[in-house]
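S.K.: Taken in sequence, the protein lines are chains D and Z.
At position 314 of the first sequence the residue is numbered 314 (my numbering), and the sequence of numbers has no breaks.
To convert, count from 1 in the second sequence and add 1000; that's my numbering.
2 protein chains.
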Amino acid sequence: MEHPVSLYNSLSRKKEAFKPINPPHVGLYVCGPTVYGDPHLGHARPYITFDLLRRYFKHLGYKVRYVRNITDVGHLLNDADEGEDKIAKKARLEELEPMEVVHFYTRRFHDAMHKLNNLPPDIEPSASGHIIEQIQVIEAIIKSGYAYETQGSVYFDVVKYNQDHPYGILSGRKVEELMANTRELAGQDEKNNPVDFALWKKAKPEHIMRWPSPWSDGFPGWHLECTAMSTKYLGNHFDIHGGGMDLQFPHHEAEIAQSVGSCGHQPCNFWMHNNLITIQGQKMGKSLGNFITLDELFSGNHEKLEQAYDPQTVRFYILQAHYRSTLDFSNDALKAAEKGLDRLRKSLKTLEDLEASQSSEIDLGSWKKKIYTALNDDLNSPIAISHLFEGVKWINQAHEGQLKISESDLKDLKAFMPLMVTDVLGLVAEPEENHGSDAGLDQGLMDLILNLRKQAKDNKDWTTADLIRDALSGMGIQVKDTKDGSTWEKN
Amino acid sequence: MEHPVSLYNSLSRKKEAFKPINPPHVGLYVCGPTVYGDPHLGHARPYITFDLLRRYFKHLGYKVRYVRNITDVGHLLNDADEGEDKIAKKARLEELEPMEVVHFYTRRFHDAMHKLNNLPPDIEPSASGHIIEQIQVIEAIIKSGYAYETQGSVYFDVVKYNQDHPYGILSGRKVEELMANTRELAGQDEKNNPVDFALWKKAKPEHIMRWPSPWSDGFPGWHLECTAMSTKYLGNHFDIHGGGMDLQFPHHEAEIAQSVGSCGHQPCNFWMHNNLITIQGQKMGKSLGNFITLDELFSGNHEKLEQAYDPQTVRFYILQAHYRSTLDFSNDALKAAEKGLDRLRKSLKTLEDLEASQSSEIDLGSWKKKIYTALNDDLNSPIAISHLFEGVKWINQAHEGQLKISESDLKDLKAFMPLMVTDVLGLVAEPEENHGSDAGLDQGLMDLILNLRKQAKDNKDWTTADLIRDALSGMGIQVKDTKDGSTWEKN
Chain D
1 MEHPVSLYNS LSRKKEAFKP INPPHVGLYV CGPTVYGDPH LGHARPYITF
51 DLLRRYFKHL GYKVRYVRNI TDVGHLLNDA DEGEDKIAKK ARLEELEPME
101 VVHFYTRRFH DAMHKLNNLP PDIEPSASGH IIEQIQVIEA IIKSGYAYET
151 QGSVYFDVVK YNQDHPYGIL SGRKVEELMA NTRELAGQDE KNNPVDFALW
201 KKAKPEHIMR WPSPWSDGFP GWHLECTAMS TKYLGNHFDI HGGGMDLQFP
251 HHEAEIAQSV GSCGHQPCNF WMHNNLITIQ GQKMGKSLGN FITLDELFSG
301 NHEKLEQAYD PQTVRFYILQ AHYRSTLDFS NDALKAAEKG LDRLRKSLKT
351 LEDLEASQSS EIDLGSWKKK IYTALNDDLN SPIAISHLFE GVKWINQAHE
401 GQLKISESDL KDLKAFMPLM VTDVLGLVAE PEENHGSDAG LDQGLMDLIL
451 NLRKQAKDNK DWTTADLIRD ALSGMGIQVK DTKDGSTWEK N
Chain Z
1001 MEHPVSLYNS LSRKKEAFKP INPPHVGLYV CGPTVYGDPH LGHARPYITF
1051 DLLRRYFKHL GYKVRYVRNI TDVGHLLNDA DEGEDKIAKK ARLEELEPME
1101 VVHFYTRRFH DAMHKLNNLP PDIEPSASGH IIEQIQVIEA IIKSGYAYET
1151 QGSVYFDVVK YNQDHPYGIL SGRKVEELMA NTRELAGQDE KNNPVDFALW
1201 KKAKPEHIMR WPSPWSDGFP GWHLECTAMS TKYLGNHFDI HGGGMDLQFP
1251 HHEAEIAQSV GSCGHQPCNF WMHNNLITIQ GQKMGKSLGN FITLDELFSG
1301 NHEKLEQAYD PQTVRFYILQ AHYRSTLDFS NDALKAAEKG LDRLRKSLKT
1351 LEDLEASQSS EIDLGSWKKK IYTALNDDLN SPIAISHLFE GVKWINQAHE
1401 GQLKISESDL KDLKAFMPLM VTDVLGLVAE PEENHGSDAG LDQGLMDLIL
1451 NLRKQAKDNK DWTTADLIRD ALSGMGIQVK DTKDGSTWEK N
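Here's what the structure looks like:
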């Protein structure tokens, strides 16, 4: 199997033809959340991006194994290997056992991902569940000579590694510059060099999350878990490693060093990074305190929000930008996405009942090709979506009798549009309020009401007709009278 | 804080007053599923039973930490420590990495629990994520002299243990009888005695799930994980350990031996066991092949099912039997539960709009006391429910003007009924089809229709009134005219 998919490889800094190592299998590892708070808009982007990648690969016939981790230990409050564990701090603040914090926020993360219609990963390993595997990686790195133990902790020797292998190969940073720019922090003195990073940290007496190791009772460094878990479930050399651009340095740079240091080669062929969501031009992040949680977005309950946004609107908003572009949050952009999604959904509905003409005035083949070309070109979802809106225009024109679509083209279109919209882009075709068993009931009640309204009009009973119009309007229901009868929609 | 709750302790074989070790905290550990297949009706019972216990304790003001594990390794196909790992076998059959099987069925288990309205446990640890902790327990048992290593595997020395501590204390079995009744199976010869059980098994070369240990690359015995994880998250001595009666032997018996063997005492004060769900008198179990999965129950898609059953019906059916009674599956029993639940829900709805009288003809205080007495008496939910139906009768009689309830009693009743039904019993007050954002829309549309109907009647426009009646009836909507106006309900 071969598809002309090209992906931008952060490592080579160019687009490269994607060829799986063991076709049709594709191994995909994506860095998951540190579960110490509610997921925010910034989290939605990587998981929607790589959900799209996985869905598109699946559509092309690849068998994807998607591994996304849960960071439940070892992610310290700053990246310089000092400071408190993020989860332990939250647990202390909330007086919970750290694992209660972990499970609470993991459930909330899962709920938000489900609402965004991100398919769950095939394997979702947790850092605390893979301590042994992480110890094994450390032992291999020590054996290669790129790590040293000091006072019960183990550090990766970046300076020594950099003599043999380029540290900074992914992020473009230079060890010399990093050395010059690193402030000495308290407790850093057990490192040979400030650029070195922790593989294992000896736990202080009050530290709850701790495990025995050859060096001390302690816990693994944050970067280590992804090396241990990606290679455990995808092999030492897999296809794609993804994550947000903010993880390139130091996290992914450290992962490369750990892989080269433990098994002699890069962990994967492709490194993919989505760009960030900004808010007034600044990165949105938990540590910056300027984030909007997904729950707040879905409920509208945040001072920066002018309204609530459906999870599907958020998904569409993110898909409408290329994953490598920055995307600035604004109410206007989300409202535009809401309208666009609504148009797209309505056209799918219109398409269902569209009737064929004798001939076609559209070139379906080249249109479909343009959509595939866009997605093959580094997953260019905004271009693909703009072409889909060409299809929306056709559907609406054909519905109004201004465009002919033949039987065979119509059949093709009726299969292709929903496939792209729901299967590949992962957009739910129906807005939330029309879900479930009540949709039929609404329609039934509305049919009755519109029937009574027509009867009133026929009888010139304007009082009743007005009563109905006002009552429906009060419920936010708009009635449109067309030649085929009346239709209705709810705001 | 002290409540007169008594619970049947399987260990003492009698009801005992429950006193938490560290009030108001209560530590509760319940054996979770082995995730290699869809959860079935038999799984619903323990998780509903202990969800009720937790909800009731929370209602009484206790702070419960509820830990329920996920068995994702080490549960062999027979209890004699031989045979294939259940998950590895499923993975081999489905050609998946074992962890894909684990995460797939964990998600499906969570979905089913959510549908049954079981609150998620506070901590849900997995066996594979606690290998180090299990190794530590083995080391402690070896140190106490109750375990021995042979050919890379470690076994618990039941015979030696039984010389110092009664093995069989929970299940009432005798080691001598067990010895006489145990068949020698292939590969058992590395045990000193056939009653010994595995703490650590050396992995065969083809075994995927394996970890290093002081004895061999291998995996823990099934019984071990619950000892390691319950004590890790609840301490060496906690309040309550629960599970299905089928787990008393060998699983819980082994847990007691492991705890005594590693830290010198019983792990918990109370052992609670729910009885089994039978089908035509036989235990329902995956290994017996006579099970009905929860998904099948919810969809009606099984030859033994005459219809689909709402998850809340299943919950009510289980709560209507005391957890220590056997419960035989039958369509009639589930249909009766459906009807009972419907009556209960309707009364809650009626209660909302009920108006007070000047005086009361009910004794609310002693009625409430009876409900608490039932729940305090070893969680006797069927008795509590039967008293709740006394309340249902009152509500219906008051609604029909045949019973007086005073303002203050009505206020109390309006608070107490939903509290018991939804918070404590965990029953969702509204049937599924009335959930979601459409409920308000339906009500708005129906208000308009009933208004139009009234207007037609007032105008003696019988044609329109009949049209409305017939149309609603066609949608399964029944309108009732009462002195307070018209109400409606959908079949």
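We treat Cβ as the ideally placed atom computed from N, Cα and C, and that holds for glycine.
On the premise that D:Leu60 lies in contact with D:Phe381, defined as a C-beta separation below 8 angstroms, what is that separation, rounded to the nearest angstrom?
M.R.: Position 381 of the first sequence, counting from 1, holds the residue named residue 381 of chain D. Position 60 of the first sequence, counting from 1, holds the residue named residue 60 of chain D. With the sequence shown as reference, residue 381 of chain D is identified as Ser, and Phe is not the correct amino acid for it. In fact, because the Cβ distance is near 15 angstroms, the residues do not count as touching under 8 angstroms.
S.K.: How big is the Cα-Cα spacing for D:Ile142 and D:Asn193?
M.R.: Translated into positions along the first sequence, residue 142 of chain D becomes position 142. Translated into positions along the first sequence, residue 193 of chain D becomes position 193. Their Cα atoms are separated by approximately 17 angstroms.
S.K.: For D:Leu448 and chain Z, any beta-carbon pair shorter than 8 angstroms?
M.R.: Against the first sequence, residue 448 of chain D aligns to sequence position 448. It does; some Cβ of chain Z falls within 8 angstroms.
S.K.: Whole alpha helix (DSSP H) runs in the region 206-265 of chain D with 4 or more residues, listed along the chain?
M.R.: With a minimum length of 4 residues, the continuous alpha helix (DSSP H) runs that stay inside the region 206-265 of chain D are 222-234, 253-263.
S.K.: Return the CA-CA distance between D:Lys86 and D:Gln134, expressed in angstroms with no decimal places.
M.R.: Indexing the first sequence from 1 puts residue 86 of chain D at position 86. Indexing the first sequence from 1 puts residue 134 of chain D at position 134. Approximately 19 angstroms between the Cα atoms of the pair.
S.K.: Closest Cβ-Cβ distance between Z:Gly1129 and chain D: below 8 angstroms?
M.R.: The sequence position of residue 1129 of chain Z within the second sequence is 129, counting from 1. Yes, Z:Gly1129 lies at the interface with chain D (some Cβ there is under 8 angstroms from its Cβ).
S.K.: What residues from chain Z crowd round D:Thr464, counting only those whose CB sits closer than 8 angstroms?
M.R.: Locating residue 464 of chain D in the first sequence gives position 464, counting from the first residue. Near D:Thr464 (Cβ distances below 8 angstroms), the residues of chain Z are Leu1452, Gln1455.
S.K.: Could you tell me the distance, in whole angstroms, from the CA atom of D:Asn9 to the CA atom of D:Leu224?
M.R.: In the first sequence, counting from the first residue as 1, residue 9 of chain D sits at position 9. In the first sequence, counting from the first residue as 1, residue 224 of chain D sits at position 224. The straight-line gap from Cα to Cα measures roughly 22 angstroms.
S.K.: Could you work out which residue in Z:Arg1055, Z:Tyr1146, Z:Ala1112 is closest to Z:Gly1037 when comparing CA atoms only?
M.R.: Here residue 1037 of chain Z refers to the residue found at position 37 of the second sequence. Minimum Cα distance to Z:Gly1037 is reached at Z:Ala1112.
S.K.: What residues from chain D crowd round Z:Pro1103, counting only those whose CB sits closer than 8 angstroms?
M.R.: For the purposes of this step, residue 1103 of chain Z is identified with residue 103 of the second sequence, where counting begins at 1. For the sequence presented, residue 1103 of chain Z should be read as His rather than Pro. Residues of chain D passing the Cβ test: Pro120, Pro121, Asp122, Ile123, Glu124.
S.K.: Can you pull the chain Z residues whose beta carbon is under 7 angstroms from the beta carbon of D:Trp211, in chain order?
M.R.: Sequence index remark: in the first sequence, residue 211 of chain D carries index 211 (1-based). Per Cβ cutoff of 7 angstroms: Ile1132.
S.K.: In angstroms, rounded to a whole number, what distance separates the CA positions of D:Lys232 and D:Leu425?
M.R.: Position 232 of the first sequence, counted from the start, is the residue given in the question as residue 232 of chain D. Position 425 of the first sequence, counted from the start, is the residue given in the question as residue 425 of chain D. Those two C-alpha atoms are separated by around 30 angstroms.
S.K.: Leaving out five residues on either side along the sequence, give the residues of the same chain with a beta carbon under 6 angstroms from the beta carbon of Z:Lys1202.
M.R.: Residue numbering aside, residue 1202 of chain Z sits at position 202 when the second sequence is read from its first letter. Gly1152, Ser1153, Ser1216, Gly1218.
S.K.: Just to check my reading of the structure: Z:Asp1328 and Z:Gly1285 have Cβ atoms closer than 8 angstroms, yes? What is that Cβ distance to the nearest angstrom?
M.R.: Taking the first residue of the second sequence as 1, we reach residue 1328 of chain Z at position 328. Taking the first residue of the second sequence as 1, we reach residue 1285 of chain Z at position 285. Actually they are not in contact, since the Cβ atoms of Z:Asp1328 and Z:Gly1285 sit about 14 angstroms apart, beyond 8 angstroms.
S.K.: Since Z:Ser1006 is in the beta strand (DSSP E), which residue starts that stretch and which ends it?
M.R.: Here residue 1006 of chain Z is taken as the residue at index 6 of the second sequence, counted from 1. Its beta strand (DSSP E) spans residues 1006-1009.
S.K.: Along the chain, where does the alpha helix (DSSP H) that runs through D:Tyr105 open and close?
M.R.: Locating residue 105 of chain D in the first sequence gives position 105, where the first residue counts as 1. 98-115 is the span of the alpha helix (DSSP H), which, as asked, contains D:Tyr105.
S.K.: For D:Ala471, return the contacting residues in chain Z, with the cut-off set at a CB-CB distance below 7 angstroms.
M.R.: In the first sequence, residue 471 of chain D corresponds to position 471, counting from 1. The answer, in chain order, is Leu1448.
S.K.: Anyone know if the C-beta pair for D:Asp220 and D:Leu199 falls short of 8 angstroms?
M.R.: What you label residue 220 of chain D is simply residue 220 of the first sequence in a count that begins at 1. What you label residue 199 of chain D is simply residue 199 of the first sequence in a count that begins at 1. According to the sequence displayed, residue 220 of chain D carries Pro and not Asp. For D:Pro220 and D:Leu199, yes; Cβs fall inside 8 angstroms.
S.K.: Taking the DSSP output, what are the residues bridged to Z:Ile1123?
M.R.: One-based indexing of the second sequence puts residue 1123 of chain Z at position 123. Bridge partners of Z:Ile1123: Z:Val1067.
S.K.: Taking the C-alpha atoms as reference points, what is the distance between Z:Glu1352 and Z:Arg1343?
M.R.: Here residue 1352 of chain Z refers to the residue found at position 352 of the second sequence. Here residue 1343 of chain Z refers to the residue found at position 343 of the second sequence. So the two alpha carbons sit approximately 15 angstroms from each other.
S.K.: Would you mind telling me which residues of chain Z sit closer than 7 angstroms to D:Arg107, beta carbon to beta carbon, in chain order?
M.R.: Translated into positions along the first sequence, residue 107 of chain D becomes position 107. The contacting residues are Pro1120.
S.K.: With a threshold of 8 angstroms between beta carbons, is D:Tyr146 in contact with chain Z?
M.R.: As a first step, residue 146 of chain D must be located in the first sequence, where it is residue number 146. No, D:Tyr146 does not count as interfacial toward chain Z.
S.K.: Can you pull the DSSP bridge partners for Z:Cys1268?
M.R.: Translated into positions along the second sequence, residue 1268 of chain Z becomes position 268. For Z:Cys1268, which the question treats as bridged, DSSP gives the partners Z:Phe1238.
S.K.: Could one say the Cβ of D:Tyr161 lies closer than 8 angstroms to chain Z's Cβ atoms, at least one of them?
M.R.: Sequence index remark: in the first sequence, residue 161 of chain D carries index 161 (1-based). No, D:Tyr161 does not count as interfacial toward chain Z.
S.K.: May I have a chain-ordered list of the alpha helix (DSSP H) segments no shorter than 4 residues that lie completely inside the region 1274-1349 of chain Z?
M.R.: The qualifying runs are 1294-1299, 1311-1319.
S.K.: Quick check: the Cα distance between Z:Ala1471 and D:Thr71, rounded to an integer number of angstroms?
M.R.: Here residue 1471 of chain Z refers to the residue found at position 471 when the second sequence is read from its first residue. Here residue 71 of chain D refers to the residue found at position 71 when the first sequence is read from its first residue. Approximately 56 angstroms, taken between the alpha carbons.
S.K.: Does Z:Leu1359 pass the burial test, meaning 16 or more other C-beta atoms within 10 Å, or should it be called exposed?
M.R.: As a first step, residue 1359 of chain Z must be located in the second sequence, where it is residue number 359. Position check: residue 1359 of chain Z holds Ser in this sequence, whereas Leu was assumed. Burial call: exposed.
S.K.: Could you check whether Z:Pro1121 and Z:Asn1376 sit closer than 8 angstroms to each other, using their CB atoms as the reference points?
M.R.: Within the second sequence, numbered from 1, the residue matching residue 1376 of chain Z stands at position 376. Within the second sequence, numbered from 1, the residue matching residue 1121 of chain Z stands at position 121. Contact: no.
S.K.: Using beta carbons (cut-off 8 angstroms, strictly below), is Z:Glu1338 in contact with chain D?
M.R.: Locating residue 1338 of chain Z in the second sequence gives position 338, where the first residue counts as 1. Chain D contact via Cβ: absent.
S.K.: Is the Cβ of Z:Glu1100 closer than 8 angstroms to any Cβ of chain D?
M.R.: Numbered from 1 along the second sequence, position 100 holds the residue referred to as residue 1100 of chain Z. Yes, because at least one Cβ of chain D sits closer than 8 angstroms to the Cβ of Z:Glu1100.
S.K.: Is the shortest distance between the beta-carbon of Z:Glu1430 and the beta-carbons of chain D less than 8 angstroms?
M.R.: Taking the second sequence and counting its residues from 1, the one referred to as residue 1430 of chain Z is at position 430. It does not: the Cβ of Z:Glu1430 has no partner Cβ on chain D nearer than 8 angstroms.
S.K.: Cα separation between D:Gly357 and D:His399?
M.R.: Stepping through the first sequence from its first residue, residue 357 of chain D is reached at position 357. Stepping through the first sequence from its first residue, residue 399 of chain D is reached at position 399. Correcting the residue identity first, residue 357 of chain D is Ser in this sequence and not Gly. Whole-angstrom Cα-Cα distance: 11 angstroms.
S.K.: Between the beta-carbon of D:Leu294 and the beta-carbon of D:Leu41, is there less than 8 angstroms?
M.R.: For the purposes of this step, residue 294 of chain D is taken as the residue at position 294 of the first sequence. For the purposes of this step, residue 41 of chain D is taken as the residue at position 41 of the first sequence. Yes, they are a contact pair.
S.K.: What residues of chain Z sit near D:Tyr323, judged by a beta carbon separation below 7 angstroms?
M.R.: One-based indexing of the first sequence puts residue 323 of chain D at position 323. Within chain Z, no residue comes near D:Tyr323; the closest Cβ sits about 25 angstroms away, beyond 7 angstroms.
S.K.: Look up D:Gln163 in the DSSP assignment and say whether it is helix, strand or coil.
M.R.: Taking the first residue of the first sequence as 1, we reach residue 163 of chain D at position 163. Note: D:Gln163 maps to helix in three-state DSSP.
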